[in-house]
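Trainee:
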Amino acid sequence: MLYEELFRGLAAARIRYVVVDGVALVLHGVVRFTADLDLLVALDPENLDAFLEAMEDLGYKPKLPLRAKAFADPQMRAEWKEMRGMQVFTFYHPRRPVELVDVFIDEPIDFAAVERDKRIFTARGVEIPVISISHLKQLKALSGRPQDLADIQALEDLERDEQAS
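Okay, here's the thing in structure tokens:
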């Protein structure tokens, strides 16, 4: 399973996070291609430090020429968002270059609510926390991009199909 080592490592480190975007859509049952893994991580200092340590231990490195520890600085993240229009901080794995991990640099929606309503999917004995459909639609609506609007429609179709059966 793609990202299995990452999911195991984050679980072992007790990281508070949820899978969002394309992989979340697929896990909920929407047929869609996605190449990267998008995460919404609790940005409190303790969790974020543990997350960055886990990513380093797992061999992931920042895609941009930045120190991963810079991600822990809220002022730096705010500057990236304001000056660069940055939405996510991307990690890659040198031995597995197809494994790109995008981490939101802020909380576009309230993490506590997302965490409370998350769904747990299990694959190969690993529990994977995934954003709920309602919060995923809320997150997608914030961008307004055509692909995100199509994803919202696909999620609504999925919900309708589930209610009909």
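Counting from 1 along the sequence shown, just add 5 to a position and that's the residue number in my numbering.
Even glycine gets a Cβ: it sits at the ideal position worked out from N, Cα and C.
Just verifying my parser: in three-state terms, what is the DSSP assignment at V119?
Mentor: helix
Trainee: Taking 8 Å as the limit between beta carbons, can you name the residues of its chain near R37, skipping five residues before and five after?
Mentor: G27, L30, V31, D156 and A159
Trainee: Please report the distance separating the alpha-carbon of W68 from that of V93.
Mentor: Looking at the sequence itself, residue 68 is Lys, so the reference to Trp does not match. Using only the alpha carbons, I get a separation of about 11 Å.
Trainee: Contact between the region 112-127 and the region 55-71: three or more CB pairs below 8 Å?
Mentor: Result no; under three Cβ-Cβ pairs closer than 8 Å.
Trainee: Would you kindly work out how many angstroms separate the C-alpha atoms of D41 and Y22, rounded to a whole number?
Mentor: 16 Å
Trainee: Quick one: using the 10 Å Cβ neighbour count with 16 as the cut-off for buried, is V103 buried or exposed?
Mentor: exposed
Trainee: In the DSSP assignment, what residue or residues form a beta bridge with F126?
Mentor: I133
Trainee: Classify D43: buried if its beta carbon has 16 or more other beta carbons within 10 angstroms, exposed otherwise.
Mentor: buried
Trainee: Please report how far the alpha carbon of F126 lies from the alpha carbon of E132, in whole angstroms.
Mentor: 6 Å
Trainee: Give a yes or no on whether the C-beta atoms belonging to G149 and H98 are separated by under 8 Å.
Mentor: No; because the gap between Cβ atoms is not below 8 Å, this pair is not in contact.
Trainee: Would the beta-carbon of V108 fall within 8 Å of that of V46?
Mentor: yes
Trainee: Identify whether E84 lies in helix, strand or coil by the three-state DSSP scheme.
Mentor: In the structure shown, E84 sits in a helix (DSSP, three-state: H, G or I).
Trainee: Which residue from P134, I20, I138 and R13 puts its Cα closest to that of V35?
Mentor: When each option's Cα is compared against that of V35, the closest is I138.
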